[in-house]
Amino acid sequence: MNYAVAALVAPPSPVSILSLNSFAPVELENGVKPIQQDYKWRLILAYDGTHYAGWQYQQSPPTVQCTVEKALIKATKLERKDLRLVGASRTDTGVHAWGQVAHFFTPFNYKNLEEIHAALNGLLPTDIRVREISPASAEFHARFSAKSKIYHYKIYNDSIMDPFQRHFAYHSVYKLNSAVMQEAAKYFVGKHDFSAFANASHNDRVPDPVKHIFRFEVKEMGALLQVEVEGSGFLYRQVRNMVALLLQIGKEAIPPGIVPHILASRDRKELAKYSLSAPPHGLCLVSINYDESHLLPPPDSPAYSYGRHHTIRKCKVPFY
């Protein structure tokens with residue numbers, strides 16, 4: 012079965028389900044303006060960011076958003092302007108994701124989401140997968156409804172790099188002291204102005220530099236160190252800049268107490284005296300948390316699709 016063309020689109024239901032998503036008026040000849048419904052859908056995506064210039068849309072070089080939109084256009088037969096795909100996090104070039112969240116719109120409802128789910132994964136390259144597709148309420152917004160985001164940064168700390176980790180972990184040949192890294196990580200927890208840990212963004216919008224870090228841990232798993240950070244949001248390259256400083260502290264080149272000093276400076280140049288950004292390939296967006304009320308599906312909506320397993324049908328074996 013060719014999943015690239017297997018998306019079954021149900022026609023608009025004759026009974027409109029009002030107040031589910033955004034609406035647009037439709038002009039009729041008799042002057043009556045009934046309501047045309049837009050249906051909103053939530054995606055959970057995983058991708059290997061090695062060959063992509065980040066999430067944000069641009070034609071060349073390819074981005075994850077651009078690639079997902081091309082698959083959606085083919086599967087739904089809609090235009091990009093109609094789909095209005097929005098991602099929760101603008102992951103940077105080379106950064107990976109296990110739990111990126113996005114939403115898009117269609118002017119029609121689906122009776123079953125498994126077909127569109129299979130079609131999208133059939134159209135997408137193998138380094139991008141739709142893990143889940145579900146109906147979303149009007150209140151849900153992939154970016155603005157997010158309460159917190161969790162990132163992991165992997166460091167392979169051994170003299171020889173594991174070749175199976177080379178695309179997903181930074182190799183440090185210096186022996187790192189994970190205890191002092193964890194001590195330094197605690198200084199980041201809480202609400203701070205992270206101006207010193209933000210690179211200049213290409214985005215014209217001026218972000219709020221005050222972010223709340225809920226958890227920051229350094230876990231040692233054999234040769235692998237996993238830095239885990241959860242926060243209300245992050246500035247451009249903030250996580251990679253924090254990890255870079257932890258690496259210098261782990262080498263015992265500088266003490267853990269340097270963190271509050273750099274935070275208080277609110278100056279990126281102050282951080283640059285001690286470290287540069289950590290490489291992108293060690294970073295992964297693991298999950299995004301939302302208010303439970305924003306995750307409730309609209310009434311009479313199709314069931315969530317988590318993908319489906321294939322089974323071999325029983326058949327009669329010919330007698331020889």
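In terms of the working numbering, the sequence shown is residues 12 to 331. Quick reminder that beta carbons are idealized off the backbone N, C-alpha and C, glycines included.
Legend entry - 4-residue-minimum alpha helix (DSSP H) runs that sit fully inside the stretch 130–210, ordered along the chain: 189–196
Inset, instruction - Between the Cα of residue 191 and those of 160, 236 and 159, spot the shortest distance and give me the residue it belongs to. - result: 236
Legend entry - C-beta contact flag for residue 257 and residue 196 at 8 Å: yes
Legend entry - Proximal residues to residue 85 (C-beta, below 6 Å), its chain only, five neighbours per side dropped: 134
Inset, instruction - Return the CA-CA distance between residue 61 and residue 289, expressed in angstroms with no decimal places. - result: 15 Å
Legend entry - Beta-carbon proximity list for residue 89, same chain, < 7 Å, skipping 5 on both sides: 117
Inset, instruction - Determine the burial state of residue 110: buried for a count of at least 16 other Cβ atoms within 10 Å of its Cβ, exposed for fewer. - result: buried
Inset, instruction - Give a yes or no on whether the C-beta atoms belonging to residue 243 and residue 156 are separated by under 8 Å. - result: no
Legend entry - the stretch 283–297 / the stretch 135–147 touching (three or more Cβ pairs under 8 Å): no
Inset, instruction - Report the rounded CA-to-CA distance for residue 175 versus residue 211, giving the unit in angstroms. - result: 33 Å
Inset, instruction - Consult DSSP for residue 304 and reduce its assignment to one of helix, strand or coil. - result: helix
Inset, instruction - Would you check if the distance between the CB atom of residue 143 and the CB atom of residue 55 is smaller than 8 Å? - result: yes
Legend entry - Sequence-distant residues of the same chain with beta carbon closer than 6 Å to residue 77, five excluded per side: 68
Inset, instruction - Express the C-alpha separation of residue 75 and residue 260 in angstroms, rounding to a whole number. - result: 34 Å
Legend entry - Residues near residue 132 by beta carbon distance below 8 Å, same chain, minus five either side: 14, 140, 141 and 318
Inset, instruction - Go ahead and label residue 249 buried or exposed: buried means 16 or more other beta carbons lie within 10 angstroms of its beta carbon, across all protein chains shown. - result: buried
Inset, instruction - Return the CA-CA distance between residue 262 and residue 189, expressed in angstroms with no decimal places. - result: 9 Å
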